[in-house]
Amino acid sequence: MAAGVAAWLPFARAAAIGWMPVANLPMPVAPTNKNKRQDELIILNVSGRRFQTWRNTLDRYPDTLLGSSEKEFFFNEETREYFFDRDPDVFRSILNFYRTGKLHYPRYECISAYDEELAFFGIIPEIISDCCYEEYKDRKRENIERLMDDLEDNKDSKLPNMTFRETMWRAFENPHTSTMALVFYYVTGFFIAISVITNVVETVPCGLMMNQRDIPCGERYTESFFCMDTACVMIFTVEYLMRLFAAPSRYRFMRSVMSIIDVVAILPYYIGLFMTNNEDVSGAFVTLRVFRVFRIFKFSRHSQGLRILGYTLKSCASELGFLLFSLSMAIIIFATVMFYAEKGSTSSKFTSIPASFWYTIVTMTTLGYGDMVPKTIAGKIFGSICSLSGVLVIALPVPVIVSNFSRIYHQNQRADKRRAQKVQKARLARMRISKSGSSTAFQHSKRNGLNQSLELTGSIEEDQQMKKTTSLLESQHHHLLHCLEKTTNHEFVDERLYEQGYLQTAHQNFPSRSPSLSSEEGITGTCCSRRVKKNIQPLNASHSHTHNLQELSALHIQCGEQQPLNTSRSSLNLISDESGSLNCKSSGLVTTAIISIPTPPSNNSRASPDAPPPPNTEAPPLLNPCTDVVKISSL
Amino acid sequence: MGAVVGTLTMQTRQRRPSRDKIDDELELSIVCHRPEGLEQLEAQTNFSKKELQVLYRGFKNECPCGAVNEETFKQIYSQFFPHGDASTYAHYLFNAFDSSQNGSIKFEDFVTALSILLRGTTTEKLQWTFNLYDINRDGYISKEEMTDIVKAIYDMMGRYTYPALKTDTLKQHVDAFFRKMDKNRDGVVTLDEFIHSCQEDENIMRSLQLFENVI
Numbered sequence: 001m002a003a004g005v006a007a008w009l010p011f012a013r014a015a016a017i018g019w020m021p022v023a024n025l026p027m028p029v030a031p032t033n034k035n036k037r038q039d040e041l042i043i044l045n046v047s048g049r050r051f052q053t054w055r056n057t058l059d060r061y062p063d064t065l066l067g068s069s070e071k072e073f074f075f076n077e078e079t080r081e082y083f084f085d086r087d088p089d090v091f092r093s094i095l096n097f098y099r100t101g102k103l104h105y106p107r108y109e110c111i112s113a114y115d116e117e118l119a120f121f122g123i124i125p126e127i128i129s130d131c132c133y134e135e136y137k138d139r140k141r142e143n144i145e146r147l148m149d150d151l152e153d154n155k156d157s158k159l160p161n162m163t164f165r166e167t168m169w170r171a172f173e174n175p176h177t178s179t180m181a182l183v184f185y186y187v188t189g190f191f192i193a194i195s196v197i198t199n200v201v202e203t204v205p206c207g208l209m210m211n212q213r214d215i216p217c218g219e220r221y222t223e224s225f226f227c228m229d230t231a232c233v234m235i236f237t238v239e240y241l242m243r244l245f246a247a248p249s250r251y252r253f254m255r256s257v258m259s260i261i262d263v264v265a266i267l268p269y270y271i272g273l274f275m276t277n278n279e280d281v282s283g284a285f286v287t288l289r290v291f292r293v294f295r296i297f298k299f300s301r302h303s304q305g306l307r308i309l310g311y312t313l314k315s316c317a318s319e320l321g322f323l324l325f326s327l328s329m330a331i332i333i334f335a336t337v338m339f340y341a342e343k344g345s346t347s348s349k350f351t352s353i354p355a356s357f358w359y360t361i362v363t364m365t366t367l368g369y370g371d372m373v374p375k376t377i378a379g380k381i382f383g384s385i386c387s388l389s390g391v392l393v394i395a396l397p398v399p400v401i402v403s404n405f406s407r408i409y410h411q412n413q414r415a416d417k418r419r420a421q422k423v424q425k426a427r428l429a430r431m432r433i434s435k436s437g438s439s440t441a442f443q444h445s446k447r448n449g450l451n452q453s454l455e456l457t458g459s460i461e462e463d464q465q466m467k468k469t470t471s472l473l474e475s476q477h478h479h480l481l482h483c484l485e486k487t488t489n490h491e492f493v494d495e496r497l498y499e500q501g502y503l504q505t506a507h508q509n510f511p512s513r514s515p516s517l518s519s520e521e522g523i524t525g526t527c528c529s530r531r532v533k534k535n536i537q538p539l540n541a542s543h544s545h546t547h548n549l550q551e552l553s554a555l556h557i558q559c560g561e562q563q564p565l566n567t568s569r570s571s572l573n574l575i576s577d578e579s580g581s582l583n584c585k586s587s588g589l590v591t592t593a594i595i596s597i598p599t600p601p602s603n604n605s606r607a608s609p610d611a612p613p614p615p616n617t618e619a620p621p622l623l624n625p626c627t628d629v630v631k632i633s634s635l
Numbered sequence: 636m637g638a639v640v641g642t643l644t645m646q647t648r649q650r651r652p653s654r655d656k657i658d659d660e661l662e663l664s665i666v667c668h669r670p671e672g673l674e675q676l677e678a679q680t681n682f683s684k685k686e687l688q689v690l691y692r693g694f695k696n697e698c699p700c701g702a703v704n705e706e707t708f709k710q711i712y713s714q715f716f717p718h719g720d721a722s723t724y725a726h727y728l729f730n731a732f733d734s735s736q737n738g739s740i741k742f743e744d745f746v747t748a749l750s751i752l753l754r755g756t757t758t759e760k761l762q763w764t765f766n767l768y769d770i771n772r773d774g775y776i777s778k779e780e781m782t783d784i785v786k787a788i789y790d791m792m793g794r795y796t797y798p799a800l801k802t803d804t805l806k807q808h809v810d811a812f813f814r815k816m817d818k819n820r821d822g823v824v825t826l827d828e829f830i831h832s833c834q835e836d837e838n839i840m841r842s843l844q845l846f847e848n849v850i
């Protein structure tokens with residue numbers, strides 16, 4: 001029931017009195033309005049902008065925030081108004097929904113912001129009225145597609161546990177992932193080009209033989225062309241078989257368009273191999289050679305534009321169908337007319353209606369070869385009408401196809417742009433900075449706090465110093481993270497450190513972990529790290545805590561691939577100076593500051609009884625295998 | 636007192652007397668009716684000022700042009716009865732509300748009728764109901780009129796009822812009604828017969844008080 005007519009319910013109930021005399025049974029008791037109060041104005045303060053409405057207006061939709069008692073949570077006693085810390089512009093639409101019963105979606109509004117507001121106020125988006133619903137759905141779909149593109153891009157990142165088959169498939173689909181794939185990509189492209197050129201050159205007349213007749217090159221240099229053909233077909237066959245092997249779903253792969261093109265490209269050769277002996281079929285064999293031209297379609301794997309063109313044509317099937325249909329109608333009509341108009345003239349080329357088809361097509365597409373021209377006046381008149389209408393009929397569906405193509409092309413361009421490494425890396429780096437900012441801040445404060453709590457000598461100055469650098473919010477957050485660490489008896493570590501440690505521990509044996517703070521079991525630095533599938537390995541459990549020593553560790557942050565690095569006491573390492581490092585593109589290493597923590601003596605009593613290898617002697621050997629610049633500073 | 640027609644319509648009428656249909660449509664859509672003052676209405680009806688305000692706000696929301704025509708009226712009423720077809724009964728209601736019989740209900744008509752229905756005396760209510768049943772306004776309710784009314788009420792129920800509607804349910808109902816109301820068995824029910832019969836029936840009297848607190 002729309003909100004507007006809710007106001008007419010009293011009228012409908014009053015009109016029910018008209019049924020009373022007709023009724024034979026007593027009526028049910030009417031519901032009483034228990035807390036009947038006069039309709040009052042309520043003030044909704046949304047981020048400073050005050051909206052006022054009747055309470056009854058909001059009560060129309062009791063299953064939303066404003067219509068239910070949920071709004072009492074936002075009631076401000078002092079100012080006697082309901083305060084919402086939300087966007088006032090979007091709130092306008094929402095309040096209008098209560099007033100008019102129709103929810104509108106303003107075009108200038110961002111779709112995700114709007115969705116969030118709707119979700120907050122408990123309104124389902126499906127009730128957006130028809131005038132705005134299409135726009136809303138379109139924008140939502142675009143947004144989802146964009147997000148899916150992002151997800152796909154993220155999936156490109158290397159997962160460590162992919163089988164050989166999966167790696168191969170990924171290499172085939174995205175040639176940019178590894179050099180091997182790129183090489184393969186270019187080699188196949190090259191051979192496709194060779195094959196096509198060979199086919200073309202084969203038919204070029206190539207010089208005279210003794211009998212004064214031009215023969216095509218193919219017949220003159222039969223063996224060399226055959227060799228080239230064989231080589232290309234072998235490459236294509238190998239490629240096809242490899243793709244077939246690597247495909248995750250072989251059945252689906254075999255049904256896909258690209259694989260069909262592949263098969264059609266190489267099949268004529270094999271058929272020709274088995275059929276050269278039989279003279280009767282050699283005619284058919286020659287025709288089969290035509291199919292070799294399909295090899296040029298293999299280029300669509302190499303060209304984004306070709307794929308888009310194919311996809312566009314597929315998606316505009318209805319427009320193309322309409323074009324075809326209207327053209328055929330027009331052709332038949334005009335052919336008939338021209339035939340009968342030219343019937344009278346002598347030596348007319350318009351011998352039959354199908355013969356006139358040719359004239360009509362040539363005229364409508366404005367080709368005008370001139371091999372068939374009307375001679376009578378009527379024929380000329382109808383011929384001119386034919387050419388004029390041809391322009392119209394062809395021009396009409398073309399813009400639809402063009403706009404489709406443009407939309408799909410731009411979408412792909414956007415995906416490509418983002419797939420380009422620079423942008424992606426910068427974006428990832430931004431995300432990483434924001435994530436690690438909080439985690440390193442935590443580790444930083446933890447270090448400060450650790451000194452305090454463990455040494456139990458929190459002097460006043462240190463206290464104040466710590467509080468100066470962290471806000472109350474931060475400190476509460478850090479306390480929370482600290483509690484979590486204590487609960488699980490593990491610590492937070494930056495993800496790179498963890499990975500490096502993970503790779504490093506492969507070289508080391510694993511003495512038992514000490515339960516002290518520095519043992520690490522693979523908790524990555526942030527709560528929303530991507531590295532979920534890491535095996536849990538003790539990180540450099542070799543470091544001991546029996547000594548009160550300064551330990552050195554070097555952190556290397558690289559912009560390219562990772563190399564095994566050492567991390568000891570990685571959990572307490574602070575990464576500063578990150579912003580410069582993450583965006584670098586050089587292959588060199590950028591090292592960051594290193595922190596060493598004096599192991600407090602109180603830890604020793606809790607250390608494991610195993611004899612730990614001396615960490616000092618380890619540090620240099622660990623540093624050496626790593627590359628060039630190592631900056632070590634101790635704090 | 637009485638209707639105030641929008642000045643625009645006056646202008647269009649004077650300036651372009653001989654235009655075609657489009658102008659007529661334009662006039663109709665901007666014909667505006669504003670009710671007379673709040674105090675007058677308060678004096679004429681049994682509603683308080685606040686109640687009139689609430690009523691007018693609801694009225695204006697649905698009919699911004701100030702008067703309801705039969706189509707809109709049927710639409711609004713049908714929204715309350717989605718199961719069946721409420722248009723016939725709405726038609727009779729419309730005629731009952733439209734006291735001046737000019738095809739549109741203005742706010743005064745609306746409020747006057749509501750005042751009778753909700754705040755009137757039993758006699759007034761019964762009188763109003765009699766007017767509703769008396770479709771041709773001849774002062775008598777005939778069996779055909781009653782059949783029409785009862786059929787309209789049953790139409791609002793829709794097809795899916797329990798127990799299922801049988802073909803002679805209607806007839807039985809009308810016969811029962813006439814047996815009760817038609818005292819002198821002359822085949823029609825007059826106003827007095829109607830009022831007396833209803834006052835004798837406990838159920839009807841009680842149900843008339845049912846919607847006292849609607850506003």
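Protein chains in written order, with our numbering: chain A, 1 to 635; chain B, 636 to 850.
We treat Cβ as the ideally placed atom computed from N, Cα and C, and that holds for glycine.
Spatial neighbours of residue i in its chain, beta-carbon cut-off 6 angstroms, leaving aside the 5 residues before and after
{"i": "B/Pro670", "result": "Phe742, Glu743"}
{"i": "A/Thr336", "result": "Ile353"}
{"i": "A/Cys131", "result": "none"}
{"i": "B/Asp790", "result": "Gly719, Asp720, Thr723"}
{"i": "A/Leu267", "result": "none"}
{"i": "A/Phe75", "result": "Tyr82"}
Interface flag, residue i vs chain A, CB-CB below 9 angstroms
{"i": "B/Phe846", "result": "yes"}
{"i": "B/Lys760", "result": "yes"}
{"i": "B/Leu800", "result": "no"}
{"i": "B/Glu697", "result": "yes"}
{"i": "B/Gly693", "result": "yes"}
{"i": "B/Lys786", "result": "no"}
{"i": "B/Arg841", "result": "yes"}
{"i": "B/Ala731", "result": "yes"}
{"i": "B/Phe745", "result": "yes"}
Chain B contact for residue i (CB, 9 angstroms cutoff)
{"i": "A/Asp39", "result": "yes"}
{"i": "A/Leu25", "result": "yes"}
{"i": "A/Ala247", "result": "no"}
{"i": "A/Ala429", "result": "no"}
{"i": "A/Ala335", "result": "no"}
{"i": "A/Ala378", "result": "no"}
According to DSSP, residues forming a beta bridge with residue i
{"i": "A/Asn76", "result": "A/Glu81"}
{"i": "B/Val746", "result": "The partner list for B/Val746 (beta bridge, DSSP) is empty, contrary to what the question assumes."}
{"i": "A/Trp19", "result": "Note: A/Trp19 sits in no beta bridge, so no partner."}
{"i": "A/Trp54", "result": "A/Leu41"}
{"i": "A/Pro216", "result": "A/Pro205"}
Residues of its chain near residue i, where Cβ-Cβ distance is below 7 angstroms and the 5 sequence neighbours each way are ignored
{"i": "A/Arg295", "result": "Ile192, Ser195, Val196, Ala265"}
9 angstroms Cβ cutoff met for residue i and residue j
{"i": "A/Ser389", "j": "A/Ala330", "result": "yes"}
{"i": "A/Gly18", "j": "A/Glu70", "result": "no"}
{"i": "A/Met338", "j": "A/Phe350", "result": "yes"}
Nonlocal neighbours in the same chain, by C-beta distance under 8 angstroms from residue i, ignoring five residues either side
{"i": "A/Leu646", "result": "It is not possible to answer for residue 646 of chain A, since the shown part of chain A is limited to 1 through 635."}
{"i": "A/Leu244", "result": "Arg250, Phe253, Met254, Ser259"}
{"i": "B/Thr780", "result": "The identity of residue 780 of chain B in the sequence shown is Glu, whereas the question assumes Thr. Excluding sequence neighbours, B/Glu780 sits near Tyr768, Asp769, Ile770, Asn771."}
{"i": "B/Leu728", "result": "Phe708, Tyr712, Leu767"}
Interface flag, residue i vs chain E, CB-CB below 9 angstroms
{"i": "B/Phe742", "result": "The structure shown contains no chain E; the protein chains it does contain are A and B."}
Quick one: which residues of the stretch 5-21 of chain A get their C-beta closer than 9 angstroms to a C-beta of chain B? List them in chain order. Val5, Ala6, Ala7, Trp8, Leu9, Pro10, Phe11, Ala12, Arg13, Ala14, Ala15, Ala16, Ile17, Gly18, Trp19, Met20, Pro21
Chain B contacts made by the stretch 388-404 of chain A, where a contact means CB separation under 9 angstroms: none
Can you give me, in chain order, the residues of the stretch 296-329 of chain A that have a beta carbon less than 9 angstroms from any beta carbon in chain B? none
What are the residues in the stretch 698-715 of chain B lying within 8 angstroms of chain A by C-beta distance? Ile711, Tyr712, Gln714, Phe715
Interface positions of the stretch 661-690 of chain B facing chain A (Cβ-Cβ less than 7 angstroms), listed along the chain: Lys685, Val689
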